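Visitor:
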Amino acid sequence: MEKILEVNNLQVSFDTYAGEVKAVRGVSFHLNKGETLAIVGESGSGKSVTSKSLMKLIPNPPGRIVNGEILFEGKDLVHYSEKQMQKIRGSEISMIFQDPMTSLNPTMTIGKQIMESIIKHQNVSKTEARRKGIELLEMVGIPQAENRFSSYPHQFSGGMRQRVVIAMAISCNPKILIADEPTTALDVTIQAQILELLKDLQKKMGTSIIFITHDLGVVANIADRVAVMYAGKIVEIGKVDEIFYHPEHPYTWGLLGAMPNLNEDAGELITIPGSPPDLLNPPLGDAFADRNRYAMKIDYQMEPPMFKVSDTHYASTWLLHEKSPKIMLPDVLKKHRQTAPRGKQNEHLAKRKEQREKLLEIKNLKQYFTSGTNLIKAVDGIDFDIYKGETFGLVGESGCGKSTTGRTIIRLYHATDGEILYNNVNIHNKKSSLDTQKLNQKIQMIFQDPYSSLNPRQTVADIIAEGMDIHGLSINRKERLEKVYDLLETVGLNREHANRYPHEFSGGQRQRIGIARALAVDPEFIIADEPISALDVSIQAQVVNLLKRLQKEKGLTYLFIAHDLSMVKYISDRIGVMYKGRIVELAESNELYQNPLHPYTKSLLSAIPLPDPETEKTRKRIKFDEKLIWNDEGEEPVLREVKPEHWVSCTEQEYNDFKNYFDVI
Amino acid sequence: MMIPNNKEITDDLFQPAESEKSREVILRPNITYWQEVWKRFRKNKAAFVGLILIAIILALAIFGPYVNQHGYDEQDLTRANLPPKIPVLEHVSWLGLNGMDIQGVDRYEENGISENFWFGTDNLGRDLWTRVWEGTRISLYIAFLAAIIDLIIGVAYGGISAYYGGKVDNIMQRIVEILVGIPSLIVIILLILVLQPGIISITLAMVITGWVGMARIVRGQILKLKEQEYVLASRTLGAKDRRLIWKHLIPNSMGPIIITTMFTIPTAIFTEAFLSFIGLGLQPPIASLGTLINDGYKLLRIYPHMLAFSSIIISMVMISFNLIGDGLRDALDPKMRK
Numbered sequence: 001m002e003k004i005l006e007v008n009n010l011q012v013s014f015d016t017y018a019g020e021v022k023a024v025r026g027v028s029f030h031l032n033k034g035e036t037l038a039i040v041g042e043s044g045s046g047k048s049v050t051s052k053s054l055m056k057l058i059p060n061p062p063g064r065i066v067n068g069e070i071l072f073e074g075k076d077l078v079h080y081s082e083k084q085m086q087k088i089r090g091s092e093i094s095m096i097f098q099d100p101m102t103s104l105n106p107t108m109t110i111g112k113q114i115m116e117s118i119i120k121h122q123n124v125s126k127t128e129a130r131r132k133g134i135e136l137l138e139m140v141g142i143p144q145a146e147n148r149f150s151s152y153p154h155q156f157s158g159g160m161r162q163r164v165v166i167a168m169a170i171s172c173n174p175k176i177l178i179a180d181e182p183t184t185a186l187d188v189t190i191q192a193q194i195l196e197l198l199k200d201l202q203k204k205m206g207t208s209i210i211f212i213t214h215d216l217g218v219v220a221n222i223a224d225r226v227a228v229m230y231a232g233k234i235v236e237i238g239k240v241d242e243i244f245y246h247p248e249h250p251y252t253w254g255l256l257g258a259m260p261n262l263n264e265d266a267g268e269l270i271t272i273p274g275s276p277p278d279l280l281n282p283p284l285g286d287a288f289a290d291r292n293r294y295a296m297k298i299d300y301q302m303e304p305p306m307f308k309v310s311d312t313h314y315a316s317t318w319l320l321h322e323k324s325p326k327i328m329l330p331d332v333l334k335k336h337r338q339t340a341p342r343g344k345q346n347e348h349l350a351k352r353k354e355q356r357e358k359l360l361e362i363k364n365l366k367q368y369f370t371s372g373t374n375l376i377k378a379v380d381g382i383d384f385d386i387y388k389g390e391t392f393g394l395v396g397e398s399g400c401g402k403s404t405t406g407r408t409i410i411r412l413y414h415a416t417d418g419e420i421l422y423n424n425v426n427i428h429n430k431k432s433s434l435d436t437q438k439l440n441q442k443i444q445m446i447f448q449d450p451y452s453s454l455n456p457r458q459t460v461a462d463i464i465a466e467g468m469d470i471h472g473l474s475i476n477r478k479e480r481l482e483k484v485y486d487l488l489e490t491v492g493l494n495r496e497h498a499n500r501y502p503h504e505f506s507g508g509q510r511q512r513i514g515i516a517r518a519l520a521v522d523p524e525f526i527i528a529d530e531p532i533s534a535l536d537v538s539i540q541a542q543v544v545n546l547l548k549r550l551q552k553e554k555g556l557t558y559l560f561i562a563h564d565l566s567m568v569k570y571i572s573d574r575i576g577v578m579y580k581g582r583i584v585e586l587a588e589s590n591e592l593y594q595n596p597l598h599p600y601t602k603s604l605l606s607a608i609p610l611p612d613p614e615t616e617k618t619r620k621r622i623k624f625d626e627k628l629i630w631n632d633e634g635e636e637p638v639l640r641e642v643k644p645e646h647w648v649s650c651t652e653q654e655y656n657d658f659k660n661y662f663d664v665i
Numbered sequence: 001m002m003i004p005n006n007k008e009i010t011d012d013l014f015q016p017a018e019s020e021k022s023r024e025v026i027l028r029p030n031i032t033y034w035q036e037v038w039k040r041f042r043k044n045k046a047a048f049v050g051l052i053l054i055a056i057i058l059a060l061a062i063f064g065p066y067v068n069q070h071g072y073d074e075q076d077l078t079r080a081n082l083p084p085k086i087p088v089l090e091h092v093s094w095l096g097l098n099g100m101d102i103q104g105v106d107r108y109e110e111n112g113i114s115e116n117f118w119f120g121t122d123n124l125g126r127d128l129w130t131r132v133w134e135g136t137r138i139s140l141y142i143a144f145l146a147a148i149i150d151l152i153i154g155v156a157y158g159g160i161s162a163y164y165g166g167k168v169d170n171i172m173q174r175i176v177e178i179l180v181g182i183p184s185l186i187v188i189i190l191l192i193l194v195l196q197p198g199i200i201s202i203t204l205a206m207v208i209t210g211w212v213g214m215a216r217i218v219r220g221q222i223l224k225l226k227e228q229e230y231v232l233a234s235r236t237l238g239a240k241d242r243r244l245i246w247k248h249l250i251p252n253s254m255g256p257i258i259i260t261t262m263f264t265i266p267t268a269i270f271t272e273a274f275l276s277f278i279g280l281g282l283q284p285p286i287a288s289l290g291t292l293i294n295d296g297y298k299l300l301r302i303y304p305h306m307l308a309f310s311s312i313i314i315s316m317v318m319i320s321f322n323l324i325g326d327g328l329r330d331a332l333d334p335k336m337r338k
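Listed in order, the protein sequences are those of chains A and B. At position 524 of the first sequence (counting the first as 1) the number is 524 in the UniProt record's numbering, and the numbers step up by one without a gap. At position 188 of the second sequence (counting the first as 1) the number is 188 in the UniProt record's numbering, and the numbers step up by one without a gap.
1) Excluding the 5 residues preceding and the 5 following Ala378 of chain A in the sequence, name in chain order all residues of the same chain whose CB lies nearer than 8 Å to its CB.
2) Compute the distance between the beta-carbons of Thr271 of chain A and Ala258 of chain A, then report whether it is under 8 Å.
3) In this structure, does DSSP put Lys199 of chain A in helix, strand or coil?
4) Just to confirm, is the Cβ distance from Ile202 of chain B to Ile250 of chain B under 8 Å?
5) What does the alpha-carbon distance come out to for the pair Thr408 of chain A and Met468 of chain A?
6) Among A:Glu591, A:Leu137, A:Ile176 and A:Ile410, which one has its Cα closest to the Cα of Glu31 of chain A?
7) Between Ser22 of chain B and the rest of its own chain, which residues show a CB-CB distance below 6 Å, the 5 nearest in sequence each way excluded?
8) Within this structure, are the beta carbons of Gly507 of chain A and Ala541 of chain A separated by less than 8 Å?
9) Taking all protein chains shown into account, decide if Glu641 of chain A is buried (16 or more other Cβ within 10 angstroms of its Cβ) or exposed.
10) Considering only residues of the stretch 49-77 of chain A, which uninterrupted beta strand (DSSP E) runs meet the minimum length of 3 residues and lie entirely inside it, listed in chain order?
11) Would Asp63 of chain B be called buried (16 or more neighbouring beta carbons within 10 Å of its own) or exposed?
12) Just to confirm, is the Cβ distance from residue 669 of chain A to Ser572 of chain A under 8 Å?
13) Is the separation between the beta-carbon of Val240 of chain A and that of Val219 of chain A shorter than 8 Å?
14) Taking 8 Å as the CB-CB cut-off, is Met296 of chain A touching chain B?
15) Are the C-beta atoms of Gln441 of chain A and some chain B residue less than 8 Å apart?
16) Drop a sphere of 10 angstroms on the beta-carbon of Ile152 of chain B, count the other beta-carbons inside from all chains shown, and report buried for 16 or more, exposed for fewer.
17) Which residues, in chain order, does the stretch 463-490 of chain A contribute to contact with chain B at a C-beta distance below 7 Å?
18) Just checking my contact of Ile470 of chain A with Leu487 of chain A at CB under 8 Å: how many whole Å lie between their CB atoms?
19) Could you tell me whether the stretch 63-73 of chain B touches the stretch 265-273 of chain B, where touching means 3 or more Cβ pairs closer than 8 Å?
20) Cβ closer than 9 Å: which chain B residues qualify as neighbours of His428 of chain A?
21) Can you have a look at Ser315 of chain B and say buried or exposed, based on whether 16 or more other CB atoms are within 10 angstroms of its CB?
22) Per DSSP, what kind of secondary structure is Gln594 of chain A in: helix, strand or coil?
23) With distance defined between alpha-carbon atoms, name the residue in A:Ala461, A:Glu489, A:Lys602 and A:Thr490 nearest to Arg480 of chain A.
24) Give the DSSP-derived three-state secondary structure of Lys335 of chain B in the structure shown.
25) For Arg457 of chain A, would you say it is in contact with chain B, using Cβ-to-Cβ distances shorter than 8 Å as the test?
26) DSSP beta-bridge partners for Leu177 of chain A?
27) Report yes if the CB atom of Asn60 of chain A is closer than 8 Å to the CB atom of Asn9 of chain A, and no otherwise.
28) Which one of A:Glu196, A:Pro304, A:Gly111 and A:Gly141 has the shortest CA to CA distance from Lys617 of chain A?
29) Mind checking which residues open and close the alpha helix (DSSP H) that includes Thr264 of chain B?
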């Protein structure tokens with residue numbers, strides 16, 4: 001295969017007031033013609049910096065390429081001047097950014113933006129550029145391209161915008177396309193569409209793609225080869241099958257183990273303890289040593305070289321040295337490939353069914369918002385129950401009303417209509433402040449964004465103790481502090497952290513503080529509003545394991561709101577699928593995943609990328625036809641129980657069909 | 001396989017490492033928030049210099065007039081228009097503190113005055129040292145009063161408007177817009193016509209229009225902050241309005257509030273000077289930095305000392321407040337903690 005790009009010992013540093021941050025510390029890889037190389041890693045591992053430095057888009061100062069070479073078709077881009085690079089950018093190498101909301105200029109029509117680069121690089125007339133622009137829009141699947149050509153970015157949805165961005169990126173037939181987390185900001189169904197589009201374009205145009213992501217499911221779906229980055233270095237690189245089925249580096253093990261697999265049942269997720277090292281003072285030896293449970297003395301003294309596993313597979317860990325003890329792949333990882341015995345789980349479920357009681361009942365809940373003259377039906381009549389001690393998962397794409405539901409339950413919004421019964425008492429009818437106080441103590445919430453959910457001007461102790469202060473749960477200062485220490489240790493932090501401020505913590509640690517704050521008032525019911533979506537995979541696993549452990553220890557009930565279906569499946573007992581303010585399907589989590597009935601659920605499930613290249617290659621995505629959803633005409637579909645504990649939103653006719661279907665079985 | 005040769009690879013290197021409990025050791029001493037603020041503030045050299053300057057000026061404004069026996073309104077035409085003369089410093093010729101006027105004539109010798117007037121005298125023979133510090137005192141007094149009242153009204157108004165939102169916000173903002181629409185000069189002139197010109201009426205006049213800026217800034221901040229998840233989190237914990245406002249919203253608006261206040265002070269000093277300048281401000285013989293500058297500029301070409309001292313002090317006051325404001329904003333922000 002022909003190499004189109006070769007990177008040798010690339011080092012990139014940022015000069016900050018605190019000193020030199022070595023973001024990329026000697027990265028070498030190559031890219032073949034027409035292949036897709038995925039670069040995975042946690043945030044801060046240097047994957048974005050690497051990709052940006054390929055195009056020399058690192059802001060300088062503070063960033064600079066310290067050393068190394070970037071050979072693009074044999075020419076070293078490191079020594080190119082800004083003028084020369086401008087010719088390369090867009091026409092030879094182009095880039096797709098993460099957030100389609102900010103990567104388009106809101107004051108220019110998308111047509112103009114596309115034409116801009118065509119005219120610049122290809123020297124064609126305006127009419128020619130326009131024709132080409134429309135062609136491109138058609139190619140990336142924008143309907144009525146001719147009409148939409150003079151639309152502004154805000155008139156497109158997120159997925160459509162990303163398509164426009166892709167159209168711009170491929171407008172000059174670049175040889176390399178760098179995609180920096182292009183689907184992270186999108187819903188799974190849209191993500192699947194974009195991935196398909198990229199694969200399709202690659203087939204047509206023979207472009208090489210460097211795909212940067214933290215989602216191993218996406219990697220399994222799109223990549224030919226994978227490079228795993230950690231602390232500014234590539235720790236393992238190889239073909240996608242090699243990385244997924246024969247990983248050699250303990251970090252890769254951790255990443256794979258931290259992803260729950262849809263196809264099997266829940267054990268504890270593998271976590272990678274700790275957090276990534278500080279690149280201001282990178283540790284001596286292997287940067288991963290501190291988090292590696294197989295660490296050897298040599299890991300703390302010498303950096304491991306790249307060991308060759310096969311012709312295409314290299315890994316940088318001392319475990320591969322001939323003198324090292326042979327360590328097998330952790331058992332848990334192997335289990336990933338087998339199907340776990342199902343009996344135990346079912347038994348577990350059956351046991352619970354007998355003794356369960358309703359904790360929360362939601363009846364025909366409606367939450368409308370008015371903005372100007374518009375009426376937005378965020379939640380449009382939903383019903384469900386949550387039983388004591390269970391985890392109820394609520395999934396759906398962004399804007400489907402799942403977060404609004406959570407916030408209405410905790411009375412951040414006042415419900416437009418409907419009832420919320422908590423322990424058989426309607427919580428929206430509470431009059432006396434004492435009752436409300438009590439209720440506030442029983443229902444708690446964990447928020448999505450660990451960066452905005454903690455007051456930056458309070459110490460961790462004050463943040464955690466806030467609930468206790470409000471409810472007068474602690475008598476004196478000493479007792480208050482003791483409780484804070486207890487909670488910190490419960491969520492896996494140190495008591496020394498109590499006197500610090502939130503900005504001194506990483507995302508995962510902040511989320512733990514948020515959990516500790518919710519726990520401080522001894523709640524019974526916790527609403528977790530996308531508590532892990534802003535975190536890295538390995539950190540997600542830490543938080544999910546913590547939530548599970550707390551549930552077991554304290555007998556908590558969770559409402560788990562998320563868009564990441566694999567995590568929801570992992571943690572939930574029952575799952576409700578929301579679409580446009582309504583619940584379209586509700587069932588036990590295994591039942592829902594094995595037997596989805598509603599077309600929307602089907603499409604949602606088929607769109608989740610799985611961290612398993614074999615299945616990804618053969619899987620067919622089911623498209624959801626929006627016309628199938630009720631549009632105020634004909635019979636209104638309602639949630640009906642088609643099978644014990646399995647509810648689907650359907651019409652009378654469909655209901656009978658489902659019934660017949662199950663009777664046949 | 002490339003293996004670095006700089007070190008021998010021995011078998012024992014492949015023993016499992018003792019799991020070093022990498023529990024973070026916190027070396028930071030347990031100090032309170034305000035101690036920390038003070039520490040951070042001191043580190044900011046410019047702000048610290050500003051603080052010292054303000055302290056000196058304040059001390060002089062309070063005690064300066066008592067250094068000699070002259071009153072601020074004590075006239076004596078025999079000693080009119082004397083240039084400054086300070087013992088010891090008079091020997092440094094380029095400072096111009098040797099009692100010589102523009103023509104190089106020693107006015108003290110000519111008029112037969114043995115006493116030294118450190119800042120000279122004005123055209124009515126009043127001692128400028130006394131007048132300058134008396135004026136600084138009054139200017140600072142007006143400025144502080146205006147700034148504090150602005151702060152209180154502005155924060156309360158903006159806070160209420162943003163926090164309760166909806167109709168309340170709508171009505172309150174329309175009122176603000178009307179106030180902004182009327183030129184403040186007209187409001188002030190009308191007010192001073194009704195009341196007698198004096199310290200209180202000037203302060204009142206400035207406050208009536210001055211708080212609008214603060215109210216708008218606070219409103220913007222709180223509108224932004226009240227949707228933050230930590231505020232929601234506090235509400236889900238059952239926090240009452242008062243807690244939300246005082247523990248979450250106000251502390252996080254502190255940066256802009258401090259900066260705005262620190263800008264209000266020099267602005268107030270200037271407004272007062274301006275009002276005095278157009279004759280609506282303090283009436284003679286009361287001195288303020290504004291009236292002194294007003295008096296001094298007329299004779300600038302002949303007696304530059306009359307303008308020099310008051311302008312230097314007004315500049316120093318303004319620069320110092322800006323520096324302090326900057327330092328204070330950073331010092332109060334725990335995110336600056338290293």
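Note that CB positions come from ideal geometry on N, CA and C, so glycine has one too. Quick caveat: nothing in here was measured; it's all calculated off a predicted structure.
Guide: Walking through what the data contain:
1) Against the first sequence, residue 378 of chain A aligns to sequence position 378. Here the set comprises Gln367, Tyr368, Phe369, Gly401, Thr404 and Gly581.
2) Position 271 of the first sequence, counted from the first residue, corresponds to residue 271 of chain A. Position 258 of the first sequence, counted from the first residue, corresponds to residue 258 of chain A. A contact, by the Cβ cut-off of 8 Å.
3) As a first step, residue 199 of chain A is located in the first sequence; it is residue number 199 there, counting from the start. In the displayed model, Lys199 of chain A falls within a helix according to three-state DSSP.
4) Here residue 202 of chain B refers to the residue found at position 202 of the second sequence. Here residue 250 of chain B refers to the residue found at position 250 of the second sequence. Cβ atoms of Ile202 of chain B and Ile250 of chain B: not closer than 8 Å.
5) Here the question's residue 408 of chain A lines up with position 408 in the first sequence. Here the question's residue 468 of chain A lines up with position 468 in the first sequence. Just so you know, the alpha carbons of Thr408 of chain A and Met468 of chain A end up roughly 23 Å apart.
6) The residue you call residue 31 of chain A lines up with position 31 of the first sequence. Per the sequence shown, the amino acid found at residue 31 of chain A is Leu instead of Glu. For Leu31 of chain A, the nearest C-alpha among the options comes from A:Ile176.
7) Numbered from its first residue, the second sequence carries residue 22 of chain B at position 22. The predicted position of Ser22 of chain B is uncertain, since its pLDDT is 46 and thus under 50; a value taken from the coordinates is nonetheless stated next. Same-chain partners within the cutoff: there are none.
8) Looking up residue 507 of chain A in the first sequence gives position 507. Looking up residue 541 of chain A in the first sequence gives position 541. Going by C-beta atoms, Gly507 of chain A is not nearer than 8 Å to Ala541 of chain A.
9) Taking the first sequence and counting its residues from 1, one reaches residue 641 of chain A at position 641. By the neighbour-count definition (other C-beta atoms within 10 Å, threshold 16), Glu641 of chain A is an exposed residue.
10) Segments of the beta strand (DSSP E) lying fully in the stretch 49-77 of chain A: 63-72.
11) Mapped onto the second sequence, residue 63 of chain B falls at position 63. Checking the sequence, you will find Phe at residue 63 of chain B rather than Asp. Per the 10 Å Cβ criterion, exposed.
12) Since the displayed chain A opens at 1 and closes at 665, residue 669 of chain A lies outside it and no answer follows.
13) Locating residue 240 of chain A in the first sequence gives position 240, counting from the first residue. Locating residue 219 of chain A in the first sequence gives position 219, counting from the first residue. Against a cut-off of 8 Å, the Cβ pair of Val219 of chain A and Val240 of chain A comes out as a contact.
14) In the first sequence, counting from the first residue as 1, residue 296 of chain A sits at position 296. So yes, Met296 of chain A belongs to the interface.
15) Counted from its first residue, the first sequence places residue 441 of chain A at position 441. Closer than 8 Å: yes.
16) Position 152 of the second sequence, counted from the first residue, corresponds to residue 152 of chain B. Exposed.
17) Per Cβ criterion, the list reads Glu466, Gly467, Ile470 and His471.
18) As a working mapping, residue 470 of chain A is identified with position 470 in the first sequence. As a working mapping, residue 487 of chain A is identified with position 487 in the first sequence. Cβ atoms of Ile470 of chain A and Leu487 of chain A stay farther apart than 8 Å, at about 15 Å.
19) Touching, no.
20) Here the question's residue 428 of chain A lines up with position 428 in the first sequence. Ordered by position in chain B, no residue passes the 9 Å Cβ test against His428 of chain A, which lies about 15 Å from the chain.
21) Stepping through the second sequence from its first residue, residue 315 of chain B is reached at position 315. By the C-beta density criterion, Ser315 of chain B is exposed, having fewer than 16 other C-beta atoms within 10 angstroms.
22) Mapped onto the first sequence, residue 594 of chain A falls at position 594. Gln594 of chain A falls in the helix class under three-state DSSP.
23) As a first step, residue 480 of chain A must be located in the first sequence, where it is residue number 480. Ranking A:Ala461, A:Glu489, A:Lys602 and A:Thr490 by Cα distance to Arg480 of chain A puts A:Ala461 first.
24) One-based indexing of the second sequence puts residue 335 of chain B at position 335. Helix.
25) Numbered from its first residue, the first sequence carries residue 457 of chain A at position 457. Yes, Arg457 of chain A lies at the interface with chain B (some Cβ there is under 8 Å from its Cβ).
26) The residue labelled residue 177 of chain A in the question sits at position 177 within the first sequence. Beta-bridge partners assigned by DSSP to Leu177 of chain A: A:Ser94 and A:Ile209.
27) For the purposes of this step, residue 60 of chain A is taken as residue 60 along the first sequence, with counting starting at 1. For the purposes of this step, residue 9 of chain A is taken as residue 9 along the first sequence, with counting starting at 1. Going by C-beta atoms, Asn60 of chain A is not nearer than 8 Å to Asn9 of chain A.
28) Your numbering for residue 617 of chain A matches position 617 in the first sequence. When each option's Cα is compared against that of Lys617 of chain A, the closest is A:Glu196.
29) Here residue 264 of chain B is taken as the residue at index 264 of the second sequence, counted from 1. Unbroken alpha helix (DSSP H) run through Thr264 of chain B: Ile250 to Phe277.
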